[in-house]
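Numbering (the numbering used here), first residue to last: 58 to 555. Where is the CB? At the ideal position from N, CA and C, for every residue including glycine. Okay, so here's the structure we're looking at.
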């Protein structure tokens, strides 16, 4: 009988030892002795199970137990969580990329696979530049708003036509899904070109499905060890993204006629003027709709859910404001003053702002520490080590009674913060108090656009007298604004009520 050679076994053992040693060195280097570890972790899984069960509650409980800044272990992925501490939050948010890198952080959690390297390393800069030119300019944004309002209204009309019934009152199994389709369609039509969906009507469903799968993969990868997350979540999504990108590339290449060029949105015009390679342009469209439609859609649908829980008088006031807003955005109305019209609809705006507070992400604003960072506050003096991943806990600030008062957990439109004057669509509140749109050097550049979209979509839902059958509890499971624990059926009118 031949004796088996021990060489393969030695190679495997050596490889395993080297892998474990490299992992141990990385973990040791990324762990600071003076930052406390969250309590209740399990072997291998760490705090992944308790985080998955109740993300927002998990972070709040750990803040109470170990302090406002702490380590959490999500199935081997350790990160420093900065909780409801404005001093610490500001010191993190204001660091340049040489110290805390957003690009490397999102790459490490899997977005190089989910959205591609072009989006991670080039797309954000590209999108910021277009937003600065088209939306930060009040004159251009004012001109865009009526077009955007009409695109949202047309998208809702299209959804009505998709119903086989000719009844005046229509039903949809989930208002979140309905609103997503409307906002995604409008974003593609206005920001890129309506010819994307003219050429490929099924692209809308494909993009929504892709984003749902990205969202699902992100949630699973966050609580799985890396060696499992790659084959089970990230690699399959990378293949799906490449297929979707090729599909978009073919459509973008075909949009060439004079009539089509006349309907080019700011992103398509920028692709042409800057001679962006078609492959990159297609990748950028994927990244654009990923950022521009899902959270605003959730925010608009959640605003309706919360508004319908309030007293009848408040709902009637909001409906009246919706009619005035429609008149100001109508064809033939003055093409300037769109921002003023949105700001004047105070109940609608307050509803959206309060929704942003209640539904803010559990963890966001991820950063990778390229260098050690000392955090000094009145409560502590901590050092974030090189190699650590840092995350800001948005929702815990919004539920902190020392920040938002004893009724912090309640949905209230009468908060004094919402009466503050604002010259534009951005939040009037200090970004370290209302943290939803992040802050510092990486504050969300699309805040004004998102706020406008949410308010206009809410107005359109009210104009159709949208009524909800049932509203499940909030769910913070996904890496988005809080959603609901189940579908939210809605009934609405086929035509706008006069």
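Around the Cβ of residue 252, a 10 Å sphere holds 16 or more other Cβ atoms; the residue is buried. Uninterrupted beta strand (DSSP E) stretches at least 3 residues long and entirely within the region 115-199 occur at 126-131 and 134-139, given in chain order.
Partner residues in the beta bridge of residue 103, as assigned by DSSP, are 99 and 131. Two segments are said to touch when three or more pairs of C-beta atoms, one from each, lie closer than 8 Å; by this definition the region 169-177 does not touch the region 462-475. Around the beta carbon of residue 379, 16 or more other beta carbons lie within 10 angstroms, which makes this residue buried. Only exposed fits residue 220, as fewer than 16 other CB atoms lie within 10 angstroms of its CB.
According to the DSSP assignment, residue 403 belongs to the alpha helix (DSSP H) that extends over 403-415. Within the region 232-288, the runs of alpha helix (DSSP H) at least 4 residues long that lie entirely inside it are, in chain order, 232-244, 252-256, 260-279 and 283-286. Residue 212 is a Cβ neighbour of residue 242, given a cutoff of 9 Å. Following the DSSP letters along the chain, one finds residue 549 inside the beta strand (DSSP E) bounded by residues 547-550. DSSP places residue 455 in the uninterrupted alpha helix (DSSP H) bounded by 451-455.
Looking only at 138, 237, 427 and 544, the smallest Cα-Cα distance to residue 161 is reached by 427.
Residue pairing by DSSP places residue 380 in no beta bridge whatsoever. By the C-beta density criterion, residue 228 is exposed, having fewer than 16 other C-beta atoms within 10 angstroms. Below 8 Å, too few C-beta pairs join the region 471-488 and the region 431-442 to call them touching: fewer than three. Residue 371 and residue 97 have their C-alpha atoms some 44 Å from each other.
For residue 538, the closest of 410, 431, 522 and 549 by C-alpha to C-alpha distance is 410. With respect to residue 343, residue 309 sits apart: the two C-beta atoms are not nearer than 9 Å. An exposed status is given to residue 224, since fewer than 16 other beta-carbon atoms sit within 10 Å of its beta-carbon. In terms of CA proximity to residue 518, 237 leads the group 237, 111, 94 and 326.
374 is the residue among 155, 374, 520 and 108 whose C-alpha sits nearest the C-alpha of residue 403. Put simply, of 530, 181 and 154 the residue whose alpha carbon is nearest the alpha carbon of residue 348 is 181.
Taking a cut-off of 8 Å on C-beta distances, the region 98-111 does not touch the region 446-457, as fewer than three cross pairs fall below it.
Nearest C-alpha to residue 291 among 275, 423, 305 and 280: 275.
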